[in-house]
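In full-length UniProt numbering, the protein residues as written are 1 to 207. Virtual Cβ for every residue (Gly too), placed ideally from N, Cα, C. Since the model is a prediction, treat every value here as computed from it, not as a measurement.
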């Protein structure tokens with residue numbers, strides 16, 4: 001107040017342009033919520049930095065994705081670019097970048113297909129280990145695909161009915177896979193059963 005040469009009895013009128021401010025409502029995939037005010041001229045990158053300061057779970061802003069109306073926001077966008085119909089509150093969803101999961105889903109199927117070129121013959125003992133490798137890489141790929149679908153449902157903001165329906169379908173497929181695996185294992189066990197061998201003796205011609 002001294003900078004404005006204010007003394008007792010004087011009145012200072014401050015004018016604040018509220019139209020330049022926006023209330024940002026942030027929700028995480030874990031369910032945490034918080035709000036803060038921000039100027040429209042700020043970028044999405046600045047919003048990420050403010051989110052990182054607001055919570056301990058968001059240390060690295062570059063590792064976060066901001067979602068608005070189901071669309072991922074670019075770091076160079078301004079807050080005024082994502083304001084629609086002059087909304088006073090901007091609702092954002094923040095989540096970690098699951099780049100590692102996406103890369104793994106792309107990598108493991110290629111690894112499984114390329115293994116066909118080095119497939120050993122059935123007579124070799126190493127073929128057994130190759131079969132283990134081939135089957136387990138496929139199982140890991142399916143597991144990562146399931147995780148990716150659940151993450152997509154969560155990020156898209158879909159209600160819990162989507163998760164319930166997908167879980168039911170997944171359970172049916174899982175039970176069917178177990179039944180087929182048991183059936184295949186039973187057939188394989190029957191083929192590998194050692195049958196008794198009888199020694200044949202040559203009968204001489206008695207006549």
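{"Check": "According to DSSP, residues forming a beta bridge with residue 78", "Outcome": "43"}
{"Check": "Secondary structure of residue 53, DSSP reduced to three states", "Outcome": "helix"}
{"Check": "For residue 46, the nearest candidate out of 105, 80 and 75 (CA to CA)", "Outcome": "75"}
{"Check": "DSSP three-state assignment for residue 127, whether helix, strand or coil", "Outcome": "helix"}
{"Check": "Exposure of residue 79, with buried meaning 16 or more beta-carbon neighbours within 10 Å", "Outcome": "buried"}
{"Check": "Proximal residues to residue 102 (C-beta, below 8 Å), its chain only, five neighbours per side dropped", "Outcome": "148"}
{"Check": "Distance, residue 162 Cα to residue 153 Cα", "Outcome": "7 Å"}
{"Check": "Whether residue 130 touches residue 139 by CB criterion (8 Å)", "Outcome": "no"}
{"Check": "Residue 114, buried or exposed, once every other Cβ within 10 Å from all chains shown has been counted against 16", "Outcome": "exposed"}
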